[in-house]
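In the numbering used here, the protein residues as written are 242 to 528. A short write-up of the structure that comes next.
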């Protein structure tokens, strides 16, 4: 498990500095607030959109204040308070990268009837083969109904709440182990559906290189030349890599509370973040 957001960093100033530094930004105190220097790529990650108008390699400076007194009359200052656009961006990045241990989400203009707990597993996928790569995937498991869903990338129309607002929350029914199995099942199904082409191409590439080396070695054995040792070593490597695979590792977990509202016209509970009706609660076990 990689370390999640430091619990001492729940205060907006420390939270913002922590997330920005993890993005790679240079962060310094600035007249009571914070001054952060970001590259274009880092700012694109923070804002969740491409910034074509900024030249590559440019540095962008953010001046962050945490109350009106700190902002003063500085027109450059951005106010970071609960509900502000920039603070929501920082929360989204922290959530997507598994740096938040617990969070509550709200949809502006919508009054939640209750909150539903979801356990979000942040997986790192490692593609082992001739074309190695890595990517991240986040799977959210409904701890009441047991449904597993991929967390939307940069969910829109949501606000992060600094603390529960008094709305009732459903008690979880699934254990950590049960939720992990549900998340792995959904992840495996997507990998089988979307990455089968990568595995086929990797196997074909390995086989073609292997056949070429075997043919060269056969030719070398019937001639006076001796094949270089590295070639035989490469053949052994290909034999070991003849079965490309994708390895999944859960590196962080976030407990996320999402709002549920009454859907129209059925009245069934609806999750506005995932934009879907939630499954009915399972029957209570006989006591």
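For every residue, glycine included, the Cβ atom is placed at its ideal position computed from N, Cα and C. Nothing here was measured: the structure is a model prediction, and the numbers come from that model.
Assigned with DSSP and collapsed to three states, residue 508 falls in coil, not helix or strand. Taking a C-beta distance under 9 Å as the contact criterion, residue 294 and residue 264 do not qualify as a contact pair. Judged by beta-carbon spacing, residue 337 lies beyond the 9 Å limit of residue 277, meaning their Cβ atoms are not closer than that value. Taking C-beta atoms as the reference points, residue 496 and residue 515 fail to come closer than 9 Å. Bounds of the alpha helix (DSSP H) holding residue 418 are 417–435.
For a cut-off of 8 Å, the C-beta gap from residue 260 to residue 335 is around 5 Å, short enough to register as a contact. Residue environment for residue 311: buried (at least 16 other C-beta atoms within 10 angstroms of its C-beta). For residue 286, the enclosing alpha helix (DSSP H) begins and ends at 281–288.
Between the beta-carbon of residue 424 and that of residue 389 there is about 5 Å, and that keeps the pair under the 8 Å contact cut. If you look at residue 383, you'll find it in the beta strand (DSSP E) that goes 374–383. The segment 361–375 makes no contact with the segment 401–418; the number of CB pairs closer than 8 Å stays below 3. Under the three-state reduction of DSSP, residue 336 is assigned to helix. For the set 509, 274 and 313, the Cα lying nearest the Cα of residue 252 is the one of 274. When rounded, the separation of the alpha-carbon atoms in residue 501 and residue 363 is 23 Å. Spatial neighbours of residue 507 in its own chain (CB-CB distance under 8 Å, excluding positions within 5 residues in sequence) are listed in chain order as 518. Of the other Cβ atoms in all chains shown, 16 or more fall within 10 Å of the Cβ of residue 257; this residue is therefore buried. At a Cβ-Cβ threshold of 9 Å, residue 381 and residue 402 do not count as neighbours. As computed with DSSP, residue 271 is found in a beta bridge with 274. In the DSSP assignment, residue 303 falls within the beta strand (DSSP E) that extends over 300–306.
By DSSP's assignment, residue 358 forms a beta bridge with 498. Remark: C-beta atoms of residue 513 and residue 268 do not approach each other more closely than 9 Å. Under the 10 Å beta carbon count, residue 318 is surrounded by 16 or more other beta carbons and is classified as buried. Secondary structure of residue 390 (DSSP, three-state): strand. Here residue 292 carries a coil assignment [DSSP, helix/strand/coil]. Measuring C-alpha to C-alpha distances from residue 331 to each of 351, 355, 510 and 399 identifies 399 as the nearest. Residue 366 sits in a strand when the DSSP states are folded into three classes. Burial state of residue 383 is buried, judged by a 10 Å Cβ sphere holding 16 or more other Cβ atoms. Comparing alpha-carbon positions, the option among 314, 342, 305 and 296 lying closest to residue 326 turns out to be 305.
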